[in-house]
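Structure record follows, encoded as structure tokens.
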Amino acid sequence: MAGSLQDQLLKAGLSTKQKANDANSQKKKKVKKQRKSSDVVVDENKVEAEKVRKAKVERDQQLNKQRKLDAEEKAVEAQIADMVAQSKVAKGNGDIAYNFVHEKKVKKLYVVEDVSKGLSKGQLAIVSINDSYELVPTAVAEKIRQRNESCIIVCNQNETDIDDDDPYADFQVPDDLMW
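When we follow this note's numbering, the leftmost residue of the sequence shown carries the number 1, and every step to the right adds one.
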């Protein structure tokens, strides 16, 4: 049973040599006609397989793009964590409560007096990383802002613009005033 179906039919006596030759010649004519004609016989299975292949390629491209974006986000987070770890300022065990707003809630951070002044003057910034708050210099906070602005919680800017119509322009607020 190693031969073709045609050979098996001939051996069994169900077909003649003439019928086998006619079938072969018709098959060759059909192939030759397909080659010569400009109309290509469309095989529906091939078309469907091509559509499935294209859909799979597109889906794979989308997945690769998403993986690449995820990897870039993780790299940025790692850079920010590294910058914070290298340049964080110690809060100290202070008794001065520094209040700030994060996610529409007032948060409280207990710091020493020097840190409180640094935060007020804009020399220090509060950064949220891994669900905790850290203090970093303003220069580092600006580098973090370039990578991910949502990490910066408080970064006061010294604004020396005085409004001309301000009725209290002549009255300066003392630096040591605690509210």
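Think of the CB as a built atom: it goes at the ideal place given N, C-alpha and C, for glycine as much as any other residue.
* Asked: Contact check, Val-76 vs Asn-148 under 8 Å by CB: the rounded distance?
  -> Residue mapping note: residue 76 aligns to position 76 of the sequence shown, counting from 1. Residue mapping note: residue 148 aligns to position 148 of the sequence shown, counting from 1. With 8 Å as the limit, Val-76 and Asn-148 qualify as a contact, their Cβ atoms being about 6 Å apart.
* To do: Spatial neighbours of Val-106 within its chain, please: CB distance less than 8 Å, with the 5 preceding and 5 following residues excluded, ordered by chain position.
  => Against the sequence shown, residue 106 aligns to sequence position 106. The beta carbon of Val-106 sits closer than 8 Å to those of Asn-99 and Phe-100, all from its chain and outside the five residues before and after it, given in chain order.
* Quick one, which of Glu-134, Leu-69, Leu-119 and Ala-125 has its alpha-carbon nearest Glu-142's? -> Counting from one through the sequence shown, the residue named residue 142 turns up at place 142. Selected option, being the one with the closest Cα: Ala-125.
* Write down the C-beta distance between Val-115 and Lys-88 rounded to the nearest angstrom, noting that I regard them as a contact closer than 8 Å. => Position 115 of the sequence shown, counted from the first residue, corresponds to residue 115. Position 88 of the sequence shown, counted from the first residue, corresponds to residue 88. Separation of the CB atoms of Val-115 and Lys-88 is rounded to 11 Å, and the pair is thereby denied contact status at 8 Å.
* To do: Return the first residue and the last residue of the beta strand (DSSP E) that Leu-124 is part of.
  => One-based indexing of the sequence shown puts residue 124 at position 124. Segment 124-129, the beta strand (DSSP E) holding Leu-124.
* Residues bridged to Tyr-168 (per DSSP) -> Here residue 168 corresponds to residue number 168 of the sequence shown, with the count starting at 1. As computed with DSSP, Tyr-168 is found in no beta bridge at all.
* Contact check, Ile-153 vs Tyr-168, beta carbons under 8 Å -> Numbered from 1 along the sequence shown, position 153 holds the residue referred to as residue 153. Numbered from 1 along the sequence shown, position 168 holds the residue referred to as residue 168. The answer is no: Cβ separation not under 8 Å.
* Asked: Expressed to the nearest angstrom, what Euclidean distance is found between the alpha-carbon atoms of Gln-66 and Val-140?
  -> Working through the sequence shown from its first residue, we reach residue 66 at position 66. Working through the sequence shown from its first residue, we reach residue 140 at position 140. If you draw a straight line from the Cα of Gln-66 to the Cα of Val-140, it comes to about 29 Å.
* Other residues of its chain near Ser-128: CB distance less than 7 Å, five sequence neighbours each side excluded -> Here residue 128 is taken as the residue at index 128 of the sequence shown, counted from 1. For Ser-128, where only same-chain residues beyond five positions count, the Cβ hits under 7 Å are His-102, Cys-151 and Ile-153.
* Asked: Can you tell me where the beta strand (DSSP E) with Ala-81 in it begins and where it stops?
  -> Sequence index remark: in the sequence shown, residue 81 carries index 81 (1-based). Unbroken run through Ala-81 is the alpha helix (DSSP H), 44-87; no beta strand (DSSP E).
* In the DSSP assignment, what residue or residues form a beta bridge with Lys-107? -> Position 107 of the sequence shown, counted from the first residue, corresponds to residue 107. In DSSP, Lys-107 forms a bridge with Phe-100.
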